[in-house]
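Chemist: Before we start, here is the structure in question, set down as structure tokens.
Number of protein chains: 2
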Amino acid sequence: MIKSKPFLLENELPWEPLNEGVSRQILGYNVELMMVKVSFEAGAIGALHSHPHSQTSYVASGRFEVEIDGLKRILAAGDGYFIAPDLVHGVKCLEAGVLVDSFSPIREDFLE
Amino acid sequence: MIKSKPFLLENELPWEPLNEGVSRQILGYNVELMMVKVSFEAGAIGALHSHPHSQTSYVASGRFEVEIDGLKRILAAGDGYFIAPDLVHGVKCLEAGVLVDSFSPIREDFLE
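As given, the protein sequences belong to chains A and B, one line each in that order. Count along the first sequence starting at 1, add 1116, and that's the number in the working numbering. Count along the second sequence starting at 1, add 1116, and that's the number in the working numbering.
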């Protein structure tokens, strides 16, 4: 069965560069749940996209303009958002920071 | 269908007191996924327990001794952990902070 280790230390896990100014660190997962940390530099973009997975996200630090299904809102550390399956969403980073995304089921594409 | 609003602002959502020094703020959810913020004062305890839900957690701030299935580790901001279904787990808060827990499926007991 596919699953992560129980303890996930920031200094022991790899960072994967994505598009410019964006990198990802995979935290815990099994087949039904996956948590992922995504770091953004100021001005970096998470382009509009959609997926059949449910997603919840937590703003751990920084400030982001978040767009979900055509609605935009500025969110800061301590805020969160929820994306129902197949809704188009994206972010623009206003101040450098970290988002913590959780998905159900697992994003198998992230492990390839 | 049960689900949260898309945008979840810390200042607009209620905090629910749990046991001493621990309070909870529910963030995004639908039937298959739920994200919850839990705030701990130093010395506060998340007692050992288990549930059939998969869980991943992110240490947003503070320092915690985390026990999973008999193994203990000290985790700090930026670290995370994964709890497979039915594993006994708990935390002891060493320095005041916040955990962000995600569950699959939803913790319906949290909405009652």
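For every residue, glycine included, the Cβ atom is placed at its ideal position computed from N, Cα and C. Keep in mind the model is a prediction, meaning the values are calculated, not measured.
(1) Give the single residue among B:Tyr1174, B:Ile1190, B:Trp1131 and B:Glu1157 whose Cα lies nearest to the Cα of B:Arg1140.
(2) Between which residues of its own chain and A:His1169 is the CB-CB distance below 7 Å, once the five residues before and five after are set aside?
(3) Please state whether DSSP places B:Leu1203 in a helix, a strand or coil.
(4) Please work out which residues of its chain come closer than 6 Å, Cβ to Cβ, to B:Lys1119, disregarding the five sequence neighbours upstream and downstream, and give them in chain order.
(5) CB B:Val1152 to CB B:Ile1142, shorter than 8 Å?
(6) Apart from the five residues just before and just after A:Gly1196, which ones in its own chain have a Cβ nearer than 8 Å to its Cβ?
(7) Between which residues of its own chain and A:Ile1199 is the CB-CB distance below 8 Å, once the five residues before and five after are set aside?
(8) Using 8 Å as the threshold, is the C-beta distance between B:Gly1267 and B:Gly1213 below it?
(9) Less than 8 Å separating the beta-carbons of A:Phe1180 and A:Leu1203?
(10) Quick one: list the residues of chain B neighbouring A:Glu1126, beta-carbon separation under 7 Å, in chain order.
(11) Is A:Leu1210 helix, strand or coil by DSSP?
(12) Since B:Ala1192 is in the beta strand (DSSP E), which residue starts that stretch and which ends it?
(13) Can you pull the DSSP bridge partners for B:Asp1217?
(14) If we ignore side chains and look at the alpha-carbon of each, how far apart do A:Leu1227 and A:Met1150 end up?
(15) Helix, strand or coil for B:Leu1124? Go by DSSP, reduced to three states.
(16) Kindly list the residues whose CB is nearer than 6 Å to the CB of A:Ile1190, restricted to its own chain and excluding five residues on each side of it in sequence; keep chain order.
Modeler: According to the structure data:
(1) Within the second sequence, numbered from 1, the residue matching residue 1140 of chain B stands at position 24. Residue B:Trp1131 is the option with its Cα nearest to B:Arg1140.
(2) Residue numbering aside, residue 1169 of chain A sits at position 53 when the first sequence is read from its first letter. Here the set comprises Pro1201, Phe1219, Ser1220, Pro1221 and Arg1223.
(3) Walking along the second sequence from the start, residue 1203 of chain B turns up at place 87. Correct three-state label for B:Leu1203: coil.
(4) Counting from one through the second sequence, the residue named residue 1119 of chain B turns up at place 3. Excluding sequence neighbours, B:Lys1119 sits near Asn1146.
(5) Here residue 1152 of chain B refers to the residue found at position 36 when the second sequence is read from its first residue. Here residue 1142 of chain B refers to the residue found at position 26 when the second sequence is read from its first residue. In contact: B:Val1152 and B:Ile1142 (Cβ atoms closer than 8 Å).
(6) By 1-based counting over the first sequence, the position of residue 1196 of chain A is 80. The residues are Thr1172, Ser1173, Tyr1174 and Val1175.
(7) Working through the first sequence from its first residue, we reach residue 1199 of chain A at position 83. Closer than 8 Å at the Cβ level, and outside the excluded window around A:Ile1199, lie Ser1170, Gln1171, Thr1172, Ser1173, Ile1184 and His1205.
(8) The question about residue 1267 of chain B has no answer, for chain B in this structure spans 1117 to 1228.
(9) Indexing the first sequence from 1 puts residue 1180 of chain A at position 64. Indexing the first sequence from 1 puts residue 1203 of chain A at position 87. No.
(10) If you number the first sequence from 1, residue 1126 of chain A lands on position 10. Near A:Glu1126 (Cβ distances below 7 Å), the residues of chain B are Gly1194 and Asp1195.
(11) Here residue 1210 of chain A is taken as the residue at index 94 of the first sequence, counted from 1. If DSSP states are grouped into helix, strand and coil, A:Leu1210 belongs with the strands.
(12) To locate residue 1192 of chain B, count along the second sequence from 1; it is residue 76. Where B:Ala1192 is concerned, the enclosing beta strand (DSSP E) stretches over Leu1187 to Ala1192.
(13) Locating residue 1217 of chain B in the second sequence gives position 101, where the first residue counts as 1. According to DSSP, which records beta bridges pairwise, B:Asp1217 is partnered with B:Val1152 and B:Ser1173.
(14) As a working mapping, residue 1227 of chain A is identified with position 111 in the first sequence. As a working mapping, residue 1150 of chain A is identified with position 34 in the first sequence. Their Cα atoms are separated by approximately 11 Å.
(15) As a working mapping, residue 1124 of chain B is identified with position 8 in the second sequence. Three-state DSSP puts B:Leu1124 in a strand.
(16) Within the first sequence, numbered from 1, the residue matching residue 1190 of chain A stands at position 74. Closer than 6 Å at Cβ, skipping near neighbours: Glu1181.
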